[in-house]
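Trainee: Sharing a structure below in C-alpha cells format, with a few things to ask.
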Ligand SMILES: Nc1ncnc2c1ncn2[C@@H]1O[C@H](COP(=O)(O)OP(=O)(O)OP(=O)(O)O)[C@@H](O)[C@H]1O
Ligand SMILES: [Mg+2]
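Protein chains in written order, with this note's numbering: chain A, 32 to 267; chain Z, 2 to 251.
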C-alpha cells in the first residue's frame, strides 16, 4: 500500500461538511437522554411503585445490549409500528417519509437515556441528604428544592461522568452509518471507496473525532472549574 | 405557640417516641436534654415534618397538621412558620453565605432581590459575619458556618426556630461564639426549641428544660430548680454523668 499524505488533507476537507450531522446526532440524543434519564433516575431514587421497577428493567436491558442492536431494533421495528398505528387511524402518513436520521436519533436517545440515568442517579446520590432537608426547612417545595439546591450540586458532581458519556455517544454515533445516515464515518467511507484510498480517509475521520473529543474535554474542564468554585477548600 | 400532642414515632418496630405532649409558649426558650438515643432529634424533626410522626398532632400558631395523615399544604404551613438550625449546618454548599440567607427570602417568601439582599446582609452582620458574606461554606470555619445557618433561619423571621445540637459538631474553641449568638437572639423574644448537651447554656438561657429518656418526657420545669434538685432518678443520673465534677482545688 502506498500512502498518499496529500489525500489525507483532501479527505479531511471533504469530511468537514458531515460534522454537523454527527454533532446533531450526538447532542440531540444526549440532551434528550439527559431529560429522560433524569426522569428515570428520580423514579428510581423515589422508588415510585411500578414505574421504578419498569425504569430499572429498562436500564439493565439497554445497558446490557449493544448500541448497534438498539439502532437495528428501532430501524427495523419502529417503521412497522408507525405504519400499523397510522393505518388503524386512517392516516395517509407512512414510515417511508421519516428520514433515517430520525430513527438514528430515536435509537441513540434510547441508549443515552439509560446511560444518562445512571450518571444522574449517582450525581443525585452524591448530594448530601441534609441539603434537601435544609431546603425543606426553610419552606421550599420539593420541586423548588430539587431545581435550586439538589440538581446544581448533582450536576457538578456528575460532570466528569457526563463528559465521558458525551464522548462515548459522539463515538457511538458513527453507528448511524449502518442505517444510511451520512455522518462523518459514512462520508469517510464514501470518500475512501470512490478514491480507493481507505487508510487516508479513515485517518482523516480519526483526526476529526480526536479534535471534537479534545474540544469537548476542554469545554468540560472550563465548566468544571467554574462550577466547582464552591468546592475549593477553605478553612474547614 | 407550639403544641405537640400525643406524638409517636416508630422506625419499623422500634418505637422512638412514645406519645409526647409539649407546649411551648410565645417567646419561650425550651431546652431539650436527655441521653443519646432518647429521641430528641426525632422529636424536633417531627415539628417541621422532616420526620413524619406515626401519630399525634403538631401545631405552630394557626398552622396545624395531623401527624399520620398530613396534607402537603399543612406541612408547608408548618415549615413556613418555623426554621431549623442543624447539627451539621447543612448550608447550601454551592451558594455563598449571602446567597444561603437570601435563598429562602427570594424563593419562598418572594421578597424582591434587592430587599432580600439588604435584609440578609443585615442579619449576617448581626451574627458577626459582615466580612464573610461572599464566602462559600467550604471557606468558612465550623463556627462561622453555623452562624450562617442561624442567619439563614433568623432572616425568615419565623415564629419558632428549632436548634438540633447547634454546637456539638464544633471544635471546643468555636462553641462560645455560636452560643453567644443564640443567647443574643433568645433575648429578643424569639420562640426557640433547643436540643443541647450544653448544660450551662440550658441553665442560663432556657426558660424551661425538658428531660427526655427512651422516647418520653420524664421531667420538665424551671432550669434552676431542675438542675438543683431533680425529682426523677433518671434525671439525677443523667445530670451527674454530664455535669463536670466540682473543682475543689484552690
Ligand atoms: N431514620 C431512622 N431510621 C431508624 N432509626 C432511627 C432513625 N432516626 C433515628 N433512629 C433511632 O431513633 C432513636 C432516637 O434517635 P434520635 O436521633 O432522635 O436520638 P437523640 O436523642 O437525638 O440522640 P443524640 O443525643 O445521640 O443525638 C435512636 O435509637 C435511633 O437509632
Ligand atoms: Mg440528636
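Beta carbons: idealized from backbone N, C-alpha and C, even for Gly.
1. Does ligand 2 have a heavy atom nearer than 7 angstroms to the CB of residue 151 of chain A?
2. With ligand 1 as the reference, list in chain order each residue whose Cβ lies under 5 angstroms from any of its heavy atoms.
3. Report the partner residues of residue 12 of chain Z according to the DSSP bridge assignment.
4. Looking only at its chain, what residues have a beta carbon closer than 6 angstroms to the beta carbon of residue 138 of chain A, apart from the 5 residues adjacent to it on each side?
5. To be precise: take each residue of the stretch 73 to 96 of chain Z, compare its Cβ to all Cβ atoms of chain A, and keep it if any distance is under 7 angstroms. Which residues remain?
6. Report the start-end ranges of each alpha helix (DSSP H) in the stretch 38 to 121 of chain A that is 4 residues or longer and not cut off at the edges.
7. Alpha carbons only, please: which of Z:8, Z:114, Z:33 and Z:5 is nearest the one belonging to residue 164 of chain Z?
8. At 4 residues or longer, and completely inside the stretch 137 to 204 of chain Z: list those alpha helix (DSSP H) runs for me, N to C.
9. Cβ of residue 210 of chain Z within 8 angstroms of Cβ of residue 162 of chain Z?
10. Is the closest heavy atom of ligand 2 to the C-beta of residue 165 of chain Z under 7 angstroms?
11. Name, please, each residue of chain A whose Cβ falls closer than 7 angstroms to the Cβ of residue 53 of chain Z.
12. So who's on the other strand from residue 217 of chain Z, going by DSSP bridges?
13. Could you tell me if residue 266 of chain A is buried or exposed, where buried requires 16 or more neighbouring beta carbons within 10 angstroms of its beta carbon?
14. Which two residues bound the contiguous beta strand (DSSP E) that contains residue 60 of chain Z?
15. Between residue 194 of chain A and residue 251 of chain A, which are expected to be in contact by the criterion C-beta below 8 angstroms, what is the C-beta distance as a whole number of angstroms?
16. Can you list the residues of chain A that residue 104 of chain Z reaches, using a CB-CB cut of under 9 angstroms?
17. Got a sec: is the Cβ-Cβ distance from residue 187 of chain A to anything in chain Z below 8 angstroms?
18. Can you name, in chain order, every residue of its own chain whose Cβ lies under 6 angstroms from the Cβ of residue 192 of chain A, other than the five neighbours on each side?
19. At what residue ranges does the stretch 175 to 248 of chain A contain a whole run of the alpha helix (DSSP H), taking only runs of 4 or more?
20. Would you say the beta carbon of residue 196 of chain Z is closer than 7 angstroms to some non-hydrogen atom of ligand 2?
21. Would the beta-carbon of residue 142 of chain A be found less than 7 angstroms away from any heavy atom of ligand 4?
22. CA-CA distance, residue 223 of chain Z and residue 204 of chain Z?
23. When you compare only the Cα positions, how much space is there between residue 28 of chain Z and residue 63 of chain Z?
24. In three-state DSSP terms, what is residue 134 of chain Z?
25. Quick one: using the 10 Å Cβ neighbour count with 16 as the cut-off for buried, is residue 158 of chain Z buried or exposed?
26. With the cut-off set at 8 angstroms, would you say residue 83 of chain Z and residue 48 of chain Z are in Cβ contact?
27. Do the stretch 59 to 74 of chain Z and the stretch 133 to 143 of chain Z touch if we need at least three Cβ pairs shorter than 8 angstroms?
28. Roughly how many angstroms separate the alpha carbons of residue 209 of chain A and residue 228 of chain A, rounded to a whole number?
29. Taking 8 angstroms as the cut-off, decide whether the C-beta atoms of residue 30 of chain A and residue 89 of chain Z are in contact.
30. Between the alpha carbons of residue 71 of chain A and residue 243 of chain A, how many angstroms are there, rounded?
31. So for residue 128 of chain Z, helix, strand or coil by DSSP?
32. With DSSP as the reference, identify every bridge partner of residue 24 of chain Z, one or two as the case may be.
33. Are the C-beta atoms of residue 208 of chain Z and some chain A residue less than 8 angstroms apart?
34. So, does the CB of residue 155 of chain Z fall closer than 8 angstroms to a CB anywhere in chain A?
35. So which of Z:170, Z:179 and Z:35 has the shortest CA-CA distance to residue 152 of chain Z?
36. What does residue 161 of chain A reach in chain C if we use C-beta pairs closer than 7 angstroms?
Mentor: Straight from the coordinates:
1. On the first chain, residue 151 of chain A is found 120 positions in, with the first residue counted as 1. It does not: the Cβ of residue 151 of chain A is nowhere closer than 7 angstroms to a heavy atom of ligand 2.
2. Z:12, Z:17, Z:37, Z:38, Z:39, Z:40, Z:41, Z:42 and Z:43
3. The residue labelled residue 12 of chain Z in the question sits at position 11 within the second chain. Paired residue(s): Z:15.
4. Here residue 138 of chain A corresponds to residue number 107 of the first chain, with the count starting at 1. Closer than 6 angstroms at the Cβ level, and outside the excluded window around residue 138 of chain A, lie 101, 102 and 105.
5. 77, 80, 81, 84, 85, 87, 89, 91, 93, 94 and 95
6. 50 to 76, 82 to 94 and 98 to 119
7. Numbered from its first residue, the second chain carries residue 164 of chain Z at position 163. Here the closest residue by C-alpha is Z:33.
8. Whole alpha helix (DSSP H) segments, 4+ residues: 143 to 156 and 173 to 188.
9. Working through the second chain from its first residue, we reach residue 210 of chain Z at position 209. Working through the second chain from its first residue, we reach residue 162 of chain Z at position 161. Not a contact, by the Cβ cut-off of 8 angstroms.
10. By 1-based counting over the second chain, the position of residue 165 of chain Z is 164. Look at residue 165 of chain Z: its beta carbon is less than 7 angstroms from one of the heavy atoms in ligand 2.
11. Working through the second chain from its first residue, we reach residue 53 of chain Z at position 52. Below the 7 angstroms Cβ cutoff, chain A contributes no neighbours of residue 53 of chain Z, its closest Cβ being approximately 12 angstroms away.
12. Residue 217 of chain Z sits at position 216 when you count from the first residue of the second chain. In the DSSP assignment, the residues bridged to residue 217 of chain Z are Z:214.
13. Within the first chain, residue 266 of chain A is the residue found at index 235, counting from 1. Residue placement at residue 266 of chain A cannot be trusted, given a pLDDT of 41 that sits under 50; what the coordinates show is reported in the next sentence. Classification of residue 266 of chain A: exposed, given that the 10 Å Cβ count is below 16.
14. For the purposes of this step, residue 60 of chain Z is taken as residue 59 along the second chain, with counting starting at 1. Counting along the chain, the unbroken beta strand (DSSP E) around residue 60 of chain Z starts and ends at 56 to 61.
15. The sequence position of residue 194 of chain A within the first chain is 163, counting from 1. The sequence position of residue 251 of chain A within the first chain is 220, counting from 1. Indeed they touch by this definition, with Cβ atoms about 4 angstroms apart.
16. By one-based count along the second chain, residue 104 of chain Z stands at place 103. At a C-beta separation below 9 angstroms, residue 104 of chain Z has these neighbours in chain A: 166, 169, 171, 179 and 180.
17. By 1-based counting over the first chain, the position of residue 187 of chain A is 156. Output row for residue 187 of chain A: interface = yes.
18. By one-based count along the first chain, residue 192 of chain A stands at place 161. So the list reads 150, once near-sequence residues are dropped.
19. 182 to 203 and 215 to 226
20. For this step, residue 196 of chain Z is matched to residue 195 along the second chain. For residue 196 of chain Z, the shortest C-beta to heavy atom distance toward ligand 2 is below 7 angstroms.
21. Of the ligands one can find in the structure shown, namely ligand 1 and ligand 2, none is ligand 4.
22. Within the second chain, the letter at position 222 stands for residue 223 of chain Z. Within the second chain, the letter at position 203 stands for residue 204 of chain Z. Here the alpha carbons of residue 204 of chain Z and residue 223 of chain Z stand approximately 9 angstroms from one another.
23. Along the second chain, read from residue 1 onward, the residue named residue 28 of chain Z stands at position 27. Along the second chain, read from residue 1 onward, the residue named residue 63 of chain Z stands at position 62. When rounded, the distance between both Cα atoms is 16 angstroms.
24. For the purposes of this step, residue 134 of chain Z is taken as residue 133 along the second chain, with counting starting at 1. Looking at residue 134 of chain Z - three-state DSSP - the assignment turns out to be coil, as it is neither helix nor strand.
25. For the purposes of this step, residue 158 of chain Z is taken as residue 157 along the second chain, with counting starting at 1. With fewer than 16 Cβ atoms within 10 Å of its Cβ, residue 158 of chain Z is classed as exposed.
26. By 1-based counting over the second chain, the position of residue 83 of chain Z is 82. By 1-based counting over the second chain, the position of residue 48 of chain Z is 47. Contact flag set, yes.
27. no
28. Counted from its first residue, the first chain places residue 209 of chain A at position 178. Counted from its first residue, the first chain places residue 228 of chain A at position 197. Roughly 20 angstroms separates the two Cα atoms.
29. With chain A represented from 32 up to 267, any question about residue 30 of chain A goes unanswered, as that position is not in the structure.
30. Walking along the first chain from the start, residue 71 of chain A turns up at place 40. Walking along the first chain from the start, residue 243 of chain A turns up at place 212. Spanning the two alpha carbons is a distance of roughly 29 angstroms.
31. Along the second chain, one-based indexing puts residue 128 of chain Z at 127. Coil at residue 128 of chain Z, not helix or strand.
32. Against the second chain, residue 24 of chain Z aligns to sequence position 23. DSSP lists Z:4 as partners of residue 24 of chain Z.
33. Translated into positions along the second chain, residue 208 of chain Z becomes position 207. No, no contact with chain A.
34. Numbered from 1 along the second chain, position 154 holds the residue referred to as residue 155 of chain Z. No, its Cβ sits nowhere closer than 8 angstroms to a Cβ of chain A.
35. In the second chain, the residue the question calls residue 152 of chain Z occupies position 151. Looking at the Cα atoms, Z:179 is the closest of the given residues.
36. As a matter of chain content, chain C is missing from the structure shown, whose protein chains are A and Z.
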